[in-house]
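*Asks:* Below is a structure I'd like to ask you about.
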Amino acid sequence: MKIALIGYGKMGRAIEEIAQSRGNEIVSIIDIDNQEDFDSSAFLSADAAIEFTRPETAFSNYKKCFERNMPVVAGTTGWLQYMDEVKKECAEKGQTFFYASNYSIGVNIFFAVNKYLARIMNKFPPYDVYMEEVHHIHKLDSPSGTGITLAEGILENIDRKKQWKEAEKGNPDDLLIHSKREGEVPGIHEIIYESDADVIRIKHDAKSRKGFALGAVLAAEFVKGKKGFLTMNDMLNLG
608 MKIALIGYGK MGRAIEEIAQ SRGNEIVSII DIDNQEDFDS SAFLSADAAI EFTRPETAFS
668 NYKKCFERNM PVVAGTTGWL QYMDEVKKEC AEKGQTFFYA SNYSIGVNIF FAVNKYLARI
728 MNKFPPYDVY MEEVHHIHKL DSPSGTGITL AEGILENIDR KKQWKEAEKG NPDDLLIHSK
788 REGEVPGIHE IIYESDADVI RIKHDAKSRK GFALGAVLAA EFVKGKKGFL TMNDMLNLG
């Protein structure tokens, strides 16, 4: 298929390499210095656009794609205040938008495991639960989109936790998220259940950006010919 890239940083280059290795063609690359290419014949020939840029520019890029009826695979996090508008475009104007807080197949399996474990631990109040997440120093949002998705999965299933909070300390009904930004860490997320007797941990540790890039390319292949607001659950059917 033909893919357009919006954003050509480290993730964009990783996506380009994997997309081409799977027999796809990168027909257009749009970055900060060639915004006029949204109207180029090359961009308009694409079957889908994969967007990995910055929180402050993401929604503007999505709107430009919608104006051109271009399906979007959204890789940027930190723009969720506009999510209702995106869903409205899909519902009322037939746009195609694929959203994931994390495109790693392994992370999405981790999301499912996290929810399953939370349902079990809801029965055991002596265990407190909190999260630790670590990313590279270039990451702009905190906590990560992945961390928020994990937190939401816990809150849906553990009655004694009412809201997540990014802090070292909080109230008993707070789900605490401890966020760190260090070096070039691709991403580490760990859920910890702790009682006076023992500790239970589940952890996902990304080795590189390749897992995220592969998932984004798989999403682009998945949206071809589809309409509406799509997620990793639609693609992977993990429940």
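Residues 608 to 846 (the numbering used here) are what the sequence shown spells out, left to right.
Every residue, glycine too, gets a C-beta built ideally from N, C-alpha and C.
Keep in mind it's a predicted model, so treat the numbers as computed, not measured.
If you count every other CB in all the chains shown that lies within 10 Å of the CB of ASN844, and 16 or more means buried, which is it?
*Replies:* When all chains shown are included, ASN844 counts as exposed.
*Asks:* Nearest CA to the CA of ILE795: which residue from ASN631, GLY701, HIS742 and TYR710?
*Replies:* Comparing Cα-Cα distances from ILE795 to each of ASN631, GLY701, HIS742 and TYR710, the minimum goes to HIS742.
*Asks:* Opposite LYS609 in the DSSP bridges: which residues?
*Replies:* According to DSSP, LYS609 bridges with GLU632.
*Asks:* Kindly give me the distance between the Cβ atoms of GLY568 and PHE659, rounded to whole angstroms, as I take these residues to be in contact under 8 Å.
*Replies:* The question about residue 568 has no answer here: the residues shown for the chain are numbered 608 through 846.
*Asks:* Measure the beta-carbon distance from LEU821 to VAL830 and round it to whole angstroms, keeping in mind my assumption that it falls under 8 Å.
*Replies:* Wrong, their Cβ atoms sit about 15 Å apart, outside the cutoff.
*Asks:* What number of angstroms, rounded off, separates the C-alpha of HIS811 from the C-alpha of ASP748?
*Replies:* Cα to Cα, the separation comes out at about 19 Å.
*Asks:* Using only the alpha-carbon positions, how far apart do PHE704 and VAL693 sit?
*Replies:* Roughly 8 Å between the two C-alpha positions.
*Asks:* Around the C-beta of LYS787, are 16 or more other C-beta atoms found within 10 angstroms, so that it is buried, or is it exposed?
*Replies:* The residue in question, LYS787, is exposed, as its Cβ has fewer than 16 Cβ neighbours within 10 Å.
*Asks:* With a threshold of 8 Å on Cβ separation, who are the neighbours of ARG808 within its own chain once the five nearest residues in sequence on each side are excluded?
*Replies:* Excluding positions up to five away in sequence, the list reads GLU797, ILE798, ILE799 and TYR800.
*Asks:* Whole angstroms are fine: how far does the CA of LYS722 sit from the CA of LEU762?
*Replies:* Near 9 Å, if we compare the C-alpha coordinates of LYS722 and LEU762.
*Asks:* Could you check where the alpha helix (DSSP H) with ARG767 kicks off and where it finishes?
*Replies:* Unbroken run through ARG767: none, as it is neither H nor E.
*Asks:* Are the stretch 636-646 and the stretch 708-718 touching, with three or more C-beta to C-beta distances below 8 Å?
*Replies:* No, the stretch 636-646 does not touch the stretch 708-718.
*Asks:* Taking the alpha-carbon of SER648 as reference, which of ALA804, LYS609, LEU782 and GLY619 has the nearest alpha-carbon?
*Replies:* The residue with the shortest Cα to Cα distance from SER648 is LYS609.
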